[in-house]
Structure formats: C-alpha cells, structure tokens
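J.:
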Amino acid sequence: MPPVAAYDAHADWYEEYVRGKAAPYTRRSGDLLADLLGPGQGTCLDLCCGTGVRAEPLRALGWTPLGADISRGQLRHATARMPVAAADAAALPVATASLPAVVCALAHTDLPDYAAVLREVARVLRPGGRFVHVGVHPCFVGAFADWSDRPRVLVDERYADRSYTTRAWDPSGVRARVGAWHVPLADLLNAVTGAGLRLTRTAESSPAGVADVFGLLALKPA
Ligand SMILES: C[S@@+](CC[C@H](N)C(=O)[O-])C[C@H]1O[C@@H](n2cnc3c(N)ncnc32)[C@H](O)[C@@H]1O
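In the numbering used here, the protein residues as written are 21 to 242.
#1: Can you find a heavy atom of ligand 1 that lies under 6 angstroms from the Cβ of residue 91?
#2: Do residue 73 and residue 99 come within 7 angstroms of each other at the CB atom, strictly closer than that value?
#3: Using the C-alpha atoms, what's the distance from residue 25 back to residue 89?
#4: When DSSP labels each residue in this structure, what does residue 150 get in the three-state scheme?
#5: The beta strand (DSSP E) that contains residue 137, what's its start and end?
#6: Output yes or no for whether 7 angstroms exceeds the beta carbon distance between residue 239 and residue 220.
#7: Could you give the first and the last residue of the continuous alpha helix (DSSP H) run that contains residue 25?
#8: Kindly identify the DSSP beta-bridge partner or partners of residue 225.
#9: Have a look at residue 189 and residue 63 and give me their C-alpha separation to the nearest angstrom.
#10: With a threshold of 6 angstroms, establish whether the CB of residue 141 neighbours any heavy atom of ligand 1.
#11: For residue 58 and residue 181, what's the separation of their Cα atoms in angstroms?
#12: Looking at residue 122 and residue 65, is the spacing between their C-beta atoms short of 7 angstroms?
#13: If you measure between the beta carbons of residue 211 and residue 129, is that distance less than 7 angstroms?
#14: Do the region 101–111 and the region 126–143 touch if we need at least three Cβ pairs shorter than 8 angstroms?
#15: Which stretch, first to last residue, makes up the alpha helix (DSSP H) that contains residue 38?
#16: Around the C-beta of residue 171, are 16 or more other C-beta atoms found within 10 angstroms, so that it is buried, or is it exposed?
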C-alpha cells in the first residue's frame, strides 16, 4: 500500500493538540521515551516526527535530532525545531548502518506495515545502535477499548482485528480524526525481533491504573 500523508489535512490541529489538550500525554510518553533511550551523542533519527515535539527532549539527552515524516504539513512545524526530511518510514534516504539511534513515538498505528518499518530501522542503525519505540498500549488502547468509564477500561473481542478504522471511544482524539491500524502485542514484539533487533527492555506508563502507553528499547546486535 503506498504511504498516505493523512496528517497534511490535520497538521495545524495536531500541533495545537499535542501542545495543548494532549500536553500531559505528550509529556508522559516523552518521559518514557527518554527513560528507554537514555543520554547519548550523535544523530538520533526521530522517525515519523510529526510536528517535532520530541526534538527538545532528545537534545536535552545530548542527541542531535533529525526528523523524518511523510507529511509535509507536519514537517512545516517540525522544521523550526530540527533538520527534517520528507520520507516514507519504510524507505529512508539514509545510509545503511549509519545511525547510533532511532526513535519512533506514537506512530506505529499510523503505519500499515510496522514490521517493514522496523526492518528499515534495523538497516539504518549502526551495530550497537539503539531503537526506542513508544506507542499506544497494544493491549489497552484501540478501537476495541472503551475508556469512557474510568477507572474501568472495557476491552472487547475486536482486539483481534488488525484493520484500519476511525472507530474510537473519544470523538475528539487523533484516532477518530485520522484513523489507526491495530498491532497486537505479539505482532509488535515479533516485528522487533523479526527485524533482527535485540529486545532489551520494555516499559509501560499509565495515567492512573491501566497503562495506555507501551515502550521498548531494542539494540542492533554489534
Ligand atoms: C500521531 S503522529 C506522531 C508524531 C510524533 N512522533 C509525536 O510523537 O507527536 C504520527 C506521524 O506519523 C507520520 N507518518 C504516517 N505514515 C508515515 C510514513 N509512511 N512515513 C513517515 N511518516 C509517517 C504522520 O505523518 C504523523 O506525523
């Protein structure tokens, strides 16, 4: 399936959303990302960088952020925050084995084939390089989950449905606006190991009890 710049139509809204209403979530997912990635030096590719909200936190860790995203609308905002490239995450204009770090935040549900993207991540990473994934929790966030009656979260049988949908319990969020694919937990972890990356650490973050963010650190074998 050819990549679609679905966020072009929503870029100004997204920029305001991640820094406004969703700012606590942006911060919390960013804290998880920073904890998994850790400090370092050299270029860190911010894959599917959106409007560039991860640039400053990456700099604070010592990394030099470089953004890549398919949406030129999103990149219009990101370009003020870091150097960027318009690129498909599954076909990066980046040399093989050239990068010490790659991060991908809140984007796996925007990609029809995350396994292919992770193979591309493995290609561009140097031996020993770090990959950090942070995304909506595969078990508790999706079209199959209803958070409207918290602290109870209702998960139903649609967990098995991997197809793209705009169905969402919250009509004001990204999912209802742009839509999302679902990647079950086992698919996600198998995509990491299947790309030849070594799963090193996993982590969860929750607003209260049930985790809504899942992250992992994987290394390219030296
Ligand atoms: C929910 S946003 C996340 C943005 C940012 N990482 C953040 O944490 O706010 C998902 C991003 O993935 C990008 N994206 C979707 N498909 C892509 C593809 N095939 N290649 C590169 N970027 C893509 C979208 O344009 C969008 O900016």
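Note that CB positions come from ideal geometry on N, CA and C, so glycine has one too.
T.: Straight from the coordinates:
#1: Residue numbering aside, residue 91 sits at position 71 when the sequence shown is read from its first letter. Indeed, a heavy atom of ligand 1 lies less than 6 angstroms from the Cβ.
#2: Residue 99 sits at position 79 when you count from the first residue of the sequence shown. Residue 73 sits at position 53 when you count from the first residue of the sequence shown. No. Outside cutoff.
#3: Taking the sequence shown and counting its residues from 1, the one referred to as residue 89 is at position 69. Taking the sequence shown and counting its residues from 1, the one referred to as residue 25 is at position 5. Roughly 9 angstroms separates the two Cα atoms.
#4: Counted from its first residue, the sequence shown places residue 150 at position 130. Residue state, collapsed to three classes: strand.
#5: Taking the sequence shown and counting its residues from 1, the one referred to as residue 137 is at position 117. Taken as a continuous stretch (DSSP letters only), residue 137 belongs to no beta strand (DSSP E), being part of the alpha helix (DSSP H) at 134–144.
#6: Reading the sequence shown from its first residue, position 219 is the one you call residue 239. Reading the sequence shown from its first residue, position 200 is the one you call residue 220. Yes, Cβ-Cβ distance for residue 239 and residue 220 is below 7 angstroms.
#7: The residue labelled residue 25 in the question sits at position 5 within the sequence shown. First-last for residue 25: undefined, no H or E at that position.
#8: Along the sequence shown, read from residue 1 onward, the residue named residue 225 stands at position 205. Residue 225 is bridged to 233.
#9: Against the sequence shown, residue 189 aligns to sequence position 169. Against the sequence shown, residue 63 aligns to sequence position 43. So the alpha carbons of these two residues sit roughly 38 angstroms apart.
#10: The count along the sequence shown starts at 1 and reaches residue 141 at position 121. No, the beta carbon of residue 141 sits no closer than 6 angstroms to any heavy atom of ligand 1.
#11: Here residue 58 refers to the residue found at position 38 when the sequence shown is read from its first residue. Here residue 181 refers to the residue found at position 161 when the sequence shown is read from its first residue. Roughly 34 angstroms between the two C-alpha positions.
#12: As a first step, residue 65 must be located in the sequence shown, where it is residue number 45. As a first step, residue 122 must be located in the sequence shown, where it is residue number 102. Contact: yes.
#13: Numbered from 1 along the sequence shown, position 191 holds the residue referred to as residue 211. Numbered from 1 along the sequence shown, position 109 holds the residue referred to as residue 129. It is not a contact, given that the beta carbons lie outside the stated cut-off.
#14: yes
#15: On the sequence shown, position 18 is the one that residue 38 refers to. Run containing residue 38: 31–39, per the alpha helix (DSSP H) assignment.
#16: Locating residue 171 in the sequence shown gives position 151, counting from the first residue. That one is exposed.
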